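Below: the structure, in structure tokens.
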Amino acid sequence: MVKIAEFEVTQRDLYKPESRIPVKNGVLDLRLGTTLKDAFCETCGQKMQECAGHWGYIKLVLPIFHVGYFRPTCSRVMLEEPDRRIYLRRLRAPGLDNLQRNRILKQIQEKCKKVTYCMHCNSVNGVVKKVGPMKITHDKYRLKRVADEAEQFRKTFDAAAASMPELKPHINKAQDDLNPLRVLRLFQRISPEDCELLGLSEEHGRPEWYIWQYLPVPPACVRPSVVQEDNTSNEDDLTAKLTEIIFTNAIIRAGLERGVTVMNLMEQWEFLQLAAALYINSEMPGVLNATSGKPTRGLCQRLKGKQGRFRGNLSGKRVDFSGRTVISPDPNMRIDQVAVPERVAKVLTFPERVNRHNIHKLRQNVINGPFVHPGANYVEKQNGFKRFLKFGNRQEIAADLQIGDLVERHLSDNDVVLFNRQPSLHRLSIMAHFAKVMPWRTFRFNECVCSPYNADFDGDEMNMHLPQTQEAKAEAMELMGVKNNLVTPRNGEPLIAATQDFITASYLLSHKDTFYTRGEFAQACSMMCDADLKIDLPPPVIWKPQRLWTGKQVFNVLFRPNKESKVLLSVEAKTKSFVKQEGRLPDMCPNDGWLVVQNSEIMCGLVDKAVVGDGNKNSVFYVILRDYGPIEAAKCMNRLAKLCARWLANRGFSIGISDVTPGERLSRIKFNEVETAYAKCDEVIAKYNSGQLDTMPGCNEEQTMESIVSGILSAVRGDLGKVCMEELNMYNSPSIMARCGSKGSQINVSQMVACVGQQIISGTRIPNGFQDRSLPHFLKHSKTPPAKGFVRNSFYTGLSPTEFLFHAISGREGLVDTAVKTAETGYMARRLMKAFEDLTTHYDLSVRNSEGAMLQFFYGADGLDPMTIEGEGVPVEFARNLRHVQEITPLNGERGLLPWEINYITQQEIQTEIWQKNCLPSFIDMVTKFVEEKIAGRLAKIRKAHGMQSGLAMPDEDYMDIDIDEDEDEAVKTVVRNLFTITERQLRDYLHVCVSKYMKAKIEPGTAVGAIGAHSIGEPGTQMTLKTFHFAGVASMNITLGVPRIKEIINAAKVISTPIITCELHSNQDVRAARVVKGRVEKTTLGDVAVYMEEVYEPNETYILIRIDLDAINRLQLETNLHQIAHAIKTAPKLKMGQLDVQTSRPDIIRVYVHAKQEESMYYNLKALKRVLTSVVITGLPPVVRAVISEKQGGKGAKQLLVEGYGLLDVMTTDGIVGDKTTSNHIMEVADVLGIEAARSTIINEITMTMESHGMTIDHRHVFLLGDIMTMY
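Residue 1 is where the sequence shown starts when you use the UniProt record's numbering, and the numbers rise one by one after that.
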């Protein structure tokens, strides 16, 4: 430090009194650099911009502790020689990573803590404690076994106590003070080997370097002075602190030279400590900021936190070439375009290099200048001279333009811009668009692109950035372009697709009864483009009496406008209106709810959200994207957006009060339904009040009653919703939107028309706000539906005052929930991102972090990219691709293959190099299995059904050419051929499609899988409701879900809110057996089985008499008897009474005798004992709260046991429970009992389960990554 520094700083004054010249050797000496624009640095002679500043130093008279490192007499680590060798060897092992090293050092520390006497010099080892802000003491004499040493230590104070009697009472508190000077001497004596055991390195971190003897003085530019109007200056906090330190240092030096009282010296020393500590970290714990006003900013405060140097100025910073304004929709924009207002385009510039191709355009731009678009703001010549075009002769400058100059031209059409909306929760929150300069003042883009940004047009603002180089432009378009991000990496579902109005229009247009004349049809077709597309009109559907086209044909044109288009689409999908019925073919659905598209022609089916909307892998756009690439999919989407917007504007689509007016029949049904529901509820409540209600398993009476009533009332709203959808006519706007999935649902419609329903607060009905009732409008203790928040009115009829308040309460909860959730999930997402940020795939498809530590040998166990996965977790949707290949590769009169030939050709293909080198065995197995079962197997089945040979057996080589079907009837052959044929060309094409799609689905080396994984888990979190409970098979067993559960899993919390152990039973069909096991697990207390307890006072003894209810024990099937209960009382840890005298007498009496040392305390002892006896555990496991028997889902009446509480090991080993099928949702407990791999599986299962219960799907690869990173070490 001294070598680097220019000079020693000794003066506390900043400036000379008469002038503004800094004092020599002061804190603002010009040799440290300058903060004024016109002054020169005295060390290097440069101006402020060029000089980076120089360092000085302060020599401290006495050493002080460094607050950043502020955490024995013979300076040796207290370990025996063999232990030292072992630990040294472990610490010197090559390839040791940080966590392992820390673990070893912690072991050393623990081992040394237990030593009382040092084995090297026999001094006492005590606890080093922190007292006060910057003071530590060595508390040697706390332990009992060092009493002699403590006595000697106290004797050393005898002389002092004699001269100052007031010290006497405090001597017992005296401790060994460790001042910095003493610690420094101690540290200097530590040997190099001991440094290693302390986790320090000899050449980089000697312990004595952690104590300050010199203090660096940073350059002046780090702490600039601000000159004010009246020529005084405002100094930085650091400068002020440094002057304070220099001043105190000078006082101590003078004191040591002249001699001063010890008291005074220690005080100044402590003051110096404090000043230096605050200079580094001004928010020191234990230091009261004496100066009222704003706290000073130390060096730590400059670095840490959101506004600090790292997060505020390095990781994230404000940038140039960006704009922000309000957004609005424009369906005439392509999905990869954004309309930029002209006034933004004039400010954002792109530096374009002049070449012979663009010189004329740029000359015109220069002539237009800064105020006319498309103009330019600056011209930079090759010699670095830059001219502002607002002034000067622009004509001259334009004529002067040479190849190689740089023109900062305005943003113009088709420039690549980055478009972003905060909060940026996943990588699709910032994408690259092509700019389109337009008038007015908002950014406009196609509504299809709302969902990745999560944008709506109620006043949202968005940011736009203009990349400044050609490379950045190309890279942005390639990696971030909208077309290249149509699907979300979270689960590979399409995210950019038709929304709201577009879906409504598609639905109305594709109805069975929409017919158009030629003019109307041509008009509709011309709406999907801007007169720039050749359209081949298809032939009409109806020729006589008049030529008519259908709305479905508009979609045929939309998918494939002309013969030149390559898009031959084949899709079969279930739409939202599909009704399933046994024995009926799906495409005969009366609601037209099964869509079939062959070769881009709709055969049947409506077009709704399931077909053109987002979040569905069976949608039209997704299939086009997978089969024909993103450009075709984007073109198709652009056509749909234009068509729907224009068509719907012409047709009109509005909503009025008549749309929500209920009919006569609906009102009647509603009245009757609500009345019967109220009657049922009253019946249940009456039973509850009279105590006749049968409780449900695991619930008490009140919970049972609440559960039944809630069930009845929620059924009312559901039933009314169904009736609504039937009652409302086909042209009713709300019901159209609910049916096609563009907005709203059955519930919303029924709330407007029929009945708002039960208002719920955190999973229960409205609680009591007044004494014993929810509002003073009701009777006390009333449990009736209206008193607990059931709203029987609809929004159409209007709510009564009480209903209005209940509805408002429920709405308020929603708002609070949203606000709290944002903060919770934001912090969670940030922590996830910090954990995952450095994980990438390498060329061997393994996942490693920045240190090269291996996390997964194969990304997601198969090395595939979640974005490219077609089916549910498989890279190729086999059946759909087979249909597609069969449609686009015609038969051309070729011979159909026999089943054995199909298998034979497949085996041949799979043995080729391309398959063997690139495909995992699991994928090859999937392909062969599909070919064997669904192609060869299907053909063999059809042949068998028609009386032909199945043809699965492969003949010998000599018989291969013989036709096994030559004796068959020609008609039968034709039938079989019509039912299913595949030619060799089709089969080879199909296998080629499979392998090429698999190759495309492989993840690219270098992908930031960590960041993508963090986004994919963090982003759905923001859409979850915060507090939700799901009932684990039983009404009373809540499982925490939503954000709190995800938080528990990610934090690996030691205590979780609802620990549940799910147990498999040996005899799972028998309820009685299940009850026996339940009795073994669930804790039963003495209070549960005792009929009464009484105190008995006899002349010579007192005891408590307990009578046991043996009948209850039998009914509960508890495996216990009187003696075991007596034994449990004897050994109960809660009764801190020593050995109790417990006697039993048949059949059911237990006496507990109380003996007291003093006669007086006998009565109190008896009372205390009686109080705690009820909670003595007689059978079961203490940590278990309760156990509930429940039906297994889909288990055909099989039972399972749900145990609430901890104690997985004890539960697993209970008789009657299948131990290896018992799981817990508590990760830390699973890790302790079953090991780290089990914990990993638990994390993966729990996250997946939580997400699925909220209707979110996350690709398992991201969850695997989370599991692996949490269980990495």
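We put the CB at the ideal spot given by N, CA and C, even for glycine.
These figures come from a predicted structure and were not determined experimentally.
Rounded to the nearest angstrom, what separates residue i and residue j at their Cα positions?
i            : j            : result
residue 1121 : residue 1067 : 25 Å
residue 633  : residue 495  : 13 Å
residue 667  : residue 1021 : 41 Å
residue 375  : residue 465  : 19 Å
residue 999  : residue 973  : 38 Å
residue 877  : residue 759  : 44 Å
residue 224  : residue 236  : 6 Å
residue 421  : residue 324  : 10 Å
residue 362  : residue 537  : 44 Å
residue 1044 : residue 628  : 43 Å
residue 517  : residue 559  : 21 Å
residue 483  : residue 621  : 12 Å
For residue i, which residues of its own chain have a beta-carbon under 6 Å away from its beta-carbon, when the five flanking residues on both sides are left out?
i            : result
residue 1265 : 1013
residue 937  : none
residue 1219 : 1212
residue 346  : 373 and 410
Could you tell me how far apart the beta carbons of residue i and residue j are, in whole angstroms, since I believe they sit closer than 8 Å?
i            : j           : result
residue 730  : residue 749 : With a Cβ gap of about 14 Å, residue 730 and residue 749 do not count as contacting.
residue 1269 : residue 697 : Actually they are not in contact, since the Cβ atoms of residue 1269 and residue 697 sit about 39 Å apart, beyond 8 Å.
residue 951  : residue 964 : 6 Å
residue 723  : residue 660 : Wrong, their Cβ atoms sit about 14 Å apart, outside the cutoff.
residue 424  : residue 452 : With 8 Å as the limit, residue 424 and residue 452 do not qualify as a contact, their Cβ atoms being about 11 Å apart.
residue 406  : residue 435 : Not really, about 20 Å apart at Cβ, beyond 8 Å.
residue 716  : residue 683 : At roughly 15 Å, the Cβ-Cβ gap does not stay under 8 Å, so residue 716 and residue 683 are not in contact.
What did DSSP end up calling residue i once you bin it into helix, strand or coil?
i            : result
residue 328  : strand
residue 371  : coil
residue 538  : coil
residue 899  : helix
residue 613  : coil
residue 1189 : strand
residue 1265 : helix
residue 1284 : The requested residue 1284 is not part of the displayed model; the chain covers only 1 to 1273.
residue 573  : strand
residue 1236 : helix
residue 566  : coil
residue 802  : helix
residue 1004 : coil
residue 445  : strand
residue 69   : Residue placement at residue 69 is flagged as unreliable, the pLDDT there being 46, under the threshold of 50; a coordinate-derived value is accordingly withheld.
residue 307  : coil
residue 356  : coil
Does the beta-carbon of residue i, which I'm using as the reference point, lie nearer than 6 Å to any heavy atom of the ligand MN?
i            : result
residue 1014 : The ligand MN is absent from the structure shown, which contains no ligand whatsoever.
Given residue i, which residues of its chain have a CB within under 7 Å of its CB, disregarding the five upstream and five downstream residues?
i            : result
residue 1322 : In the structure as shown, the chain starts at 1 and stops at 1273, and residue 1322 therefore has no counterpart that could be examined.
Looking only at its own chain, which residues have a Cβ that is under 8 Å from the Cβ of residue i, when we skip the five neighbours before and after it?
i           : result
residue 444 : 327, 328, 329, 330, 333, 338, 339 and 438
Exercise for review: Would you be able to state if there are at least three C-beta pairs under 8 Å between the stretch 414 to 427 and the stretch 470 to 483?
Suggested key: The stretch 470 to 483 vs the stretch 414 to 427: in contact.
- Kindly confirm or deny that the stretch 676 to 688 and the stretch 776 to 785 touch, where touching means at least three C-beta pairs closer than 8 Å. Yes: at least three Cβ pairs fall under 8 Å.
Whether or not the stretch 1091 to 1108 and the stretch 1145 to 1157 are in contact is what I'm after, with contact meaning three or more pairs of Cβ atoms, one per stretch, closer than 8 Å; do they touch? Yes, they touch.
Exercise. Spell out a yes or no on whether the stretch 626 to 643 and the stretch 566 to 579 are touching, meaning 3 or more CB-CB pairs, one atom from each, closer than 8 Å.
Key: A contact between stretches requires three or more CB pairs, one per stretch, nearer than 8 Å, and the stretch 626 to 643 meets this requirement with the stretch 566 to 579.
* Using 8 Å as the Cβ pair cut-off and three pairs as the minimum, do the stretch 608 to 626 and the stretch 493 to 507 touch? -> Yes: at least three Cβ pairs fall under 8 Å.
**Message:** Assess contact between the stretch 261 to 281 and the stretch 233 to 245, defined as three or more Cβ pairs (one per stretch) separated by less than 8 Å. Is contact present?
**Reply:** Yes, since at least three Cβ pairs between the stretch 261 to 281 and the stretch 233 to 245 fall closer than 8 Å, the two stretches touch.
Quick test of the definition: if touching needs 3 or more C-beta pairs under 8 Å, does the stretch 1073 to 1089 touch the stretch 1113 to 1133? Flag = yes, the stretch 1073 to 1089 and the stretch 1113 to 1133 touch.
Evaluate the contact criterion for the stretch 523 to 533 versus the stretch 761 to 774: three or more CB pairs, one atom per stretch, below 8 Å. They do not touch, by the three-pair rule.
Could you tell me whether the stretch 576 to 595 touches the stretch 842 to 850, where touching means 3 or more Cβ pairs closer than 8 Å?
Not touching, per the Cβ criterion.
Does the count of Cβ pairs from the stretch 1233 to 1245 and the stretch 820 to 834 closer than 8 Å reach three?
Cβ pair count under 8 Å is below three, so no.
Tell me whether the stretch 341 to 352 and the stretch 388 to 404 touch, counting them as touching only if at least three CB pairs, one residue from each stretch, are closer than 8 Å. With contact defined as three or more Cβ pairs closer than 8 Å, the stretch 341 to 352 and the stretch 388 to 404 are not in contact.
_Below 8 Å, how does it come out for the stretch 639 to 651 and the stretch 895 to 904: are there three or more Cβ pairs, yes or no?_
Too few Cβ pairs lie closer than 8 Å, so no.
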